[in-house]
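Last residue of the sequence shown? That's 156 in my numbering, and every number before it is there in order. Glycine included, C-beta positions come from ideal geometry on N, C-alpha and C.
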Amino acid sequence: MSRPTSLLFLFSLLLFSLNTVKAQEATEDHKDSLNNLVQRYYALNVKVFQSKSTIKDIDNIFALFTSDFVYIHPKYGGTYTREDLYNGYIRNQKNGGYDGSVADIKIENQITGLNGVTVQKRFINKSENGTEEGKLQMTLFEFTDGKISKIFEYW
């Protein structure tokens, strides 16, 4: 290779490398959009957990998910497809499982990466004395094209 060709090759390689690294960074706007999705997910769930929630409320949660969404909760049955989880929400609603006992979901800590968010949260439950904080729980969210593609519960 001649000297000008070698320099051009090295310069192109350097530019490509820098561009590749930059493309892998999670910008603040990107992180904010993921954090907002997680907050919307929890807010919509609190709404569904109330006794007068509707199927439309459930549909609003599922609008946040990709078509190939998967929910994983090893302690409570393993892996659920989007359809499995949707049917479970509908069944719980029809059977009175959503009785308003959950007042809120409080995010205690959150780590946001390129296409993932790990959350440490707790349920705030209604009690005779007002509300009680539940135990800390950990959840991992993964995202594809601006939607939630996977939720993995570690509690």
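Taking the beta carbon of residue i as the centre, do at least 16 other beta carbons fall within 10 Å, making it buried, or is it exposed?
i, result
"K122", "buried"
"Y90", "buried"
"I59", "buried"
"I152", "buried"
"Y155", "exposed"
"G79", "exposed"
"T82", "exposed"
"Y42", "buried"
"Y87", "buried"
"I56", "exposed"
"Y99", "buried"
Return the bridge partner residues of residue i from the DSSP annotation.
i, result
"Q1", "Look at the range of the chain in this structure, 2 to 156, and you will see that residue 1 is not part of it."
"V103", "N126"
"F153", "I73 and L141"
"G117", "E143"
"F66", "I149"
Going along the chain, which residues of its own chain have a beta-carbon closer than 8 Å to the beta-carbon of residue i, five neighbours each way excluded?
i, result
"V47", "V103, A104, D105 and I106"
Beta carbon of residue i, beta carbon of residue j: below 8 Å?
i, j, result
"S52", "G101", "yes"
"V118", "L65", "no"
"A27", "T140", "no"
"D69", "S128", "no"
Using C-beta distances below 6 Å, list every residue in its chain close to residue i, excluding the 5 sequence neighbours before and after it, in chain order.
i, result
"L45", "N61 and I62"
"T145", "T67"
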